[in-house]
Structure formats: structure tokens, C-alpha cells
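Beneath this line is the structure, given in C-alpha cells, with notes to follow.
In the working numbering, the protein residues as written are 182 to 659.
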């Protein structure tokens, strides 16, 4: 398997630090609003990378954080007259709902920045003790020039950055030793959340948060660090500087970055009126269509979102689902028998059916070859379409149930590696839904909130949305 490493700007053979195990960190969202479809791309892409690594037999420790202290969160809290914690808690919960709706699996660990402050203070102190950081009136800065390899990820030269004007510089004030130095700790302002530290009552800089959370949950050196390409500089560059200067060893072996998402060939922005949240998209489309659309291009290619392209994605996904449904029908109505090995009681396919199954397996090989080439989901989906065409052309009720079941399983499994749900769910009856809602209400009354959440999630998986109103719980089908 080969992956494109932003650090070396080339594809490299993937060899994990520890055989059979992968330590992977993906930068998560800043939780001050509902996530938008730009946030959705790395979530879907790297969830798929994780799924494929697990398909290959790796044990993946997947960490993705929530940035729950930030200027935008504080601004939102002040605007609403509530605490920053209330804002972050609300939007972490909403983000998790959207992730579930996109079939993005929860990370092994979802750390929150505010719960890791002690580790951040400890890392900053180590950097100060080693001479990589300095304190000016309660603000602690990192000495960028003291790290000789600064710029190795973004392939930017320090002197070019210095002469390139303030647009490229890390923001800061005149009190810094060098304009390129960046903040590790900053003193509180009126009305902001803060924590005590040896330098001032304040809060950490953004970059130090990920360095500390990655170290705590994955160790000093990890296999894969991933995120959107907008994070390469300065965020990931600064993470490398902090982590390697603190720990004295390489931070991440492979750096993976997804390209931008545009809307109708323009950058997404509120001022252009083309800003869409995942929740808004879910009102128009099945979010499995959004996932299929996101994976229809290579993750390093820019992706353009439009109504026409989403419609095409919906048609493509429907074609696969129709094939799965057709195979299920054939399987249930197969009239052909199979040979049986008398010695082992094992079902044996006829020679002709073994040939058909071997033909189907060839598309599984093509799928793996595509994914082994830097997670090329576009070509992997093409292999799935070829399998669909092959199944439609070669399987009928004249075939044995065992053959059809094998091809059906292969098609569903390949889609599952991409996180695509293609099997029809058995629809719940209204009476069953009402019974589950009653059970949820009883669980809430008994303060068994874990069970109540479990029932809500069970209903959500069946496409049932619950609405808690003053008149009681109402529900609707998606």
C-alpha cells in the first residue's frame, strides 16, 4: 500500500511504526456552530481511510479532537449571553449527530482541548526549559527560528516568509522576538474562560492543543496525521515544531491532507450565500448521497459541490442499491440446487458457478488495488460499478442461492469499506416506534440516560427523527 506524504511530496510505501497497528490523528472541528460540508470532507475521507486500514487487518487507534475553546466559541457565547462551555457542549452533540448521519464512525477517542490543559502547560514548560519558548508579560511564544527544520511540511522557507509580507506571517504583536514566532499561551481578556498557569491566567494557543492530545492518546511518535490542506500551514507546521522540540523525535511519519471543497466552482463563504451546513444538506438529500459524492473524487483533488453533481451521485448510489436489492430478490427466489460434499457436508459450487464467482472476485482485487494506491476511492467506486454490471449480467434465479449470496456479500462488504449503506433496512411499524418512544421516556424518568440515548440512536438508524416538544415526543420518518 502506497500513500502520498505531504512531508516528502511523493507516494511512499506504508509501513507502520509497529507491525499490525496504526496510530492516526485527525484534526477535528472548532465547535461554535453546526458543521458545514467543508468540515464533512475530511471526516468522511479519513473515516474511509480508517475503515480500509481495518479491512487490511490493522488495529487502528483513531483520535480526532474537538476544539472547544476558541475566539469564535467565545464570540458566540457572548452573543447569546451563555458560557463558552454551553456553546461547545451544544455543538459537540450536534456534530456527533451529523457524523452519525453520514455514517462516520466515532473515533477511538474524541479528546476535548479544555480537558487537557494540564498537559499543555507541561509541554509549554518543557519547551521553555529547553529554550524553545519565552514569556513576555504572561504571553508565551515559540522561537520558530530555533527549530532548524521549520517549514519542512509546507515547504516554505523562513526567510521567504519573513520577506513575504504580513499575509504569510503567523499573527502576533511587536513584543515578539521574531514576527514568525507563534503563541503557546495567552493571558485572559475580560469575559473569557481561563485557567491558571505559571505565566498568567489564560488559555492555550490553538497549535499546542493538538500536539498535546496526540501525544497523550497516541504517544510521542505516530503513523498518520491528517486534516484539510488549509491546516498544513501554520497549524500542522507548528505542531511539528512544538512536538519534535519537546519530545526530541519525529512527530508523524505520514501526513495526509484532503483538498478544498468548492460550491458551484466558488469558494464557500457566507458573504456569497453559498454556505451550507450538513444539516441543511440533509433536508434535501440522503446523507449517504453526500458521502458517495465526497468519495467519488480522489481526496487530494479539489471537489466541486453542485445540485447537478449531487443528483448524479444520488443516481449512482441508487444504481448500486438496486443491484443489491435485485441480488437479494434472486437469492430469496433461487430455484437451483448445489452439490454437497458428502464427507464434509460443505456446499460445493458447480464448476461453472466457481468461474462466475472468480470473475466477481476480480473486481474485489481491482477495488483493493485502487485503495492501495493512496486511497483512490474514485477508482474503488468504479470497481464497484463494474461488479454491479457483472452481477446484473451473470446472475439469475437459475443460479444457486450460495453463489448469489457470495456475490451479494462481496458487493455489500466493498460498499461497507467505503462506509456506504446499500442494504435496505426493515422499516419499523408505527406501533413499534411508539413502543420504543415509551421505553425511552421511561428510561429518562428513571434517569437511565444511556438507555434513552441508545433508543434514540436505534430509531435514528431506522431513519426516525424524534422531536421533544411541549406537547410530548413527536416523530417523523426521514
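Note that beta-carbon positions come from the ideal geometry of N, C-alpha and C, so glycine has one too. Please read all numbers here as calculations on a predicted model, not as lab measurements.
{"Check": "Residue 686 in three-state terms, based on DSSP", "Outcome": "With the chain represented from 182 up to 659, any question about residue 686 goes unanswered, as that position is not in the structure."}
{"Check": "Close Cβ partners of residue 194 (< 7 angstroms) along its chain, the five nearest in sequence each way excluded", "Outcome": "183"}
{"Check": "Where residue 564 falls, given that 16 or more other Cβ within 10 Å makes a residue buried", "Outcome": "buried"}
{"Check": "Cβ-Cβ separation, residue 393 to residue 304 (assumed contact under 8 angstroms), whole Å", "Outcome": "5 angstroms"}
{"Check": "Spatial neighbours of residue 459 in its chain, beta-carbon cut-off 8 angstroms, leaving aside the 5 residues before and after", "Outcome": "215, 216, 217, 218, 220, 221, 279, 282, 283, 468 and 471"}
{"Check": "Identity of the residues DSSP links to residue 368 by a beta bridge", "Outcome": "383"}
{"Check": "8 angstroms Cβ cutoff met for residue 306 and residue 385", "Outcome": "no"}
{"Check": "Among 492, 405, 240 and 544, the one whose alpha carbon lies nearest that of residue 201", "Outcome": "240"}
{"Check": "DSSP state of residue 183 mapped onto helix, strand, coil", "Outcome": "strand"}
{"Check": "Cα-Cα separation, residue 188 to residue 289", "Outcome": "25 angstroms"}
{"Check": "Beta carbon of residue 381 nearer than 8 angstroms to that of residue 360", "Outcome": "no"}
{"Check": "Cβ-based burial, residue 423 [other Cβ within 10 Å; buried from 16]", "Outcome": "buried"}
{"Check": "Run of the beta strand (DSSP E) containing residue 442, from where it starts to where it stops", "Outcome": "442-444"}
{"Check": "Three-pair Cβ contact test at 8 angstroms for the region 534-549 versus the region 576-596", "Outcome": "yes"}
{"Check": "Sub-8 angstroms separation of residue 302 and residue 213 beta-carbons", "Outcome": "no"}
{"Check": "Residue 439, buried or exposed, once every other Cβ within 10 Å from all chains shown has been counted against 16", "Outcome": "buried"}
{"Check": "DSSP bridge partner residues for residue 265 (one or two, in chain order)", "Outcome": "Note: residue 265 sits in no beta bridge, so no partner."}
{"Check": "Proximity below 8 angstroms, CB of residue 232 to CB of residue 598", "Outcome": "yes"}
{"Check": "For residue 198, three-class secondary structure by DSSP", "Outcome": "coil"}
{"Check": "Residue 280 (DSSP reduced to helix, strand or coil)", "Outcome": "helix"}
{"Check": "Residue interval of the beta strand (DSSP E) (run including residue 409)", "Outcome": "403-409"}
{"Check": "Ranges of the beta strand (DSSP E) found wholly within the region 433-483, counting only runs of at least 3", "Outcome": "433-439 and 442-444"}
{"Check": "Contact check, residue 265 vs residue 285, beta carbons under 8 angstroms", "Outcome": "no"}
{"Check": "Residue 571 - DSSP class collapsed to helix/strand/coil", "Outcome": "helix"}
{"Check": "Inter-stretch contact (C-beta, 8 angstroms, three-pair minimum) for the region 574-584 and the region 542-556", "Outcome": "no"}
{"Check": "Local conformation of residue 648 per DSSP, three classes", "Outcome": "strand"}
{"Check": "Between the CA atoms of residue 190 and residue 408 - distance to the nearest angstrom", "Outcome": "16 angstroms"}
{"Check": "Delimiting residues of the beta strand (DSSP E) encompassing residue 587", "Outcome": "Looking at the DSSP string, residue 587 is not in any beta strand (DSSP E); the run it does join, the alpha helix (DSSP H), is 582-598."}
{"Check": "Same chain, Cβ closer than 8 angstroms to residue 562, five either side skipped, listed in chain order", "Outcome": "473, 476, 477, 497 and 599"}
{"Check": "Opposing strand residues paired with residue 206 [DSSP bridges]", "Outcome": "244 and 406"}
{"Check": "N- and C-terminal bounds of the beta strand (DSSP E) containing residue 316", "Outcome": "314-317"}
{"Check": "For residue 291 and residue 550, the rounded distance between their alpha carbons", "Outcome": "31 angstroms"}
{"Check": "heavy atom of the ligand COA below 7 angstroms from residue 334 C-beta", "Outcome": "This structure simply doesn't include the ligand COA, nor any ligand for that matter."}
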